[in-house]
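Have a look at the structure below before the remarks.
Encoded structure:
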């Protein structure tokens, strides 16, 4: 089933990430971490479907998506960047493989953090964040999505890793998340690990975690 929804608000989150709030259809529900296929309700775009994760929670009046804009080619996100309040999107039924299975380590690369946003927001609302940690890799400080919110929610359990510029500030580590980094910063590999990012990031993280003794059944990642 598909739903046509109107854009209620657009907010610039980072230099290349926007937050879109849209109408929430009656009785529409999803599990934090899930996504839906979205297309733009304009001629030539209605069949161009792309998966985007819900970053709002079920109890909120609107649906929210936090979307990285790729302006280097004429694709869906580039077209989304040109939309305004009142324009319409088409959304479908929720789906997704990342679901919360208990306190653990969230490993995110770039826009791959989006499935974790609703999960962590729900845990914060329910005061269940204890035991969870987010390690978030980006190229530069200006690329970090929702940095202040993650700091406020997680405090010292939020680690921001920058790969393309020196670290500046107590929450940053400079370099790449590799096997040595994980071994140095994580003392317990007998817990759930949630992994989402570009495919090379996912494959590398899952390989490192298995080598370090993490249980394959405890690895939750977007397929």
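Numbering (this note's numbering), first residue to last: 1 to 223.
Using N, Cα and C, we set each Cβ at its ideal position, and we do this for glycine too.
Reduced DSSP secondary structure (H/G/I, E/B, other) of residue i
i           : result
residue 5   : strand
residue 194 : strand
residue 51  : strand
residue 210 : helix
residue 99  : coil
residue 29  : coil
residue 216 : helix
residue 200 : helix
Residue range of the unbroken beta strand (DSSP E) whose run includes residue i
i           : result
residue 162 : 158-162
residue 37  : 35-40
residue 221 : 219-221
Enclosing alpha helix (DSSP H) for residue i [first to last residue]
i           : result
residue 182 : 179-185
residue 80  : 76-80
residue 145 : It is not in any alpha helix (DSSP H) - residue 145 carries neither H nor E in the DSSP assignment.
residue 120 : 114-125
Option nearest residue i by Cα separation, candidates the options
i           : options            : result
residue 229 : 132, 163, 124      : The question about residue 229 has no answer, for the chain in this structure spans 1 to 223.
residue 185 : 173, 192, 19       : 173
residue 191 : 101, 8, 6          : 101
residue 183 : 131, 194, 208, 201 : 208
residue 86  : 99, 59, 41, 129    : 41
residue 9   : 47, 83, 99, 213    : 83
residue 17  : 78, 96, 216, 219   : 78
residue 92  : 137, 50, 19        : 50
residue 201 : 215, 179, 28, 218  : 179
residue 131 : 158, 80, 138, 21   : 158
residue 120 : 147, 154, 12, 211  : 154
residue 139 : 220, 36, 175       : 175
residue 133 : 103, 144, 94, 142  : 103
residue 199 : 108, 148, 28       : 108
residue 137 : 110, 81, 36        : 110
In DSSP terms, what residue i is bridged to
i           : result
residue 134 : 106, 158
residue 68  : 17
residue 89  : 5, 40
residue 46  : Its beta-bridge partners do not exist; DSSP assigns none.
residue 23  : 62
residue 12  : 18
residue 173 : 161
Cβ shell of residue i (< 6 Å), same chain only, five flanking positions each side left out
i           : result
residue 112 : 196, 197
residue 115 : 33, 53, 98, 196
residue 122 : 32, 57
residue 3   : 25, 91
residue 106 : 116, 134, 194
Contacts around residue i, its chain only, beta-carbon distance under 7 Å, and the 5 residues preceding and following it disregarded
i          : result
residue 70 : 77, 78
Cut-off 8 Å between Cβ atoms - residues of its own chain near residue i, not counting five sequence neighbours on either side
i           : result
residue 39  : 45, 46, 47, 48, 49, 50, 76, 89, 90
residue 213 : 189, 190
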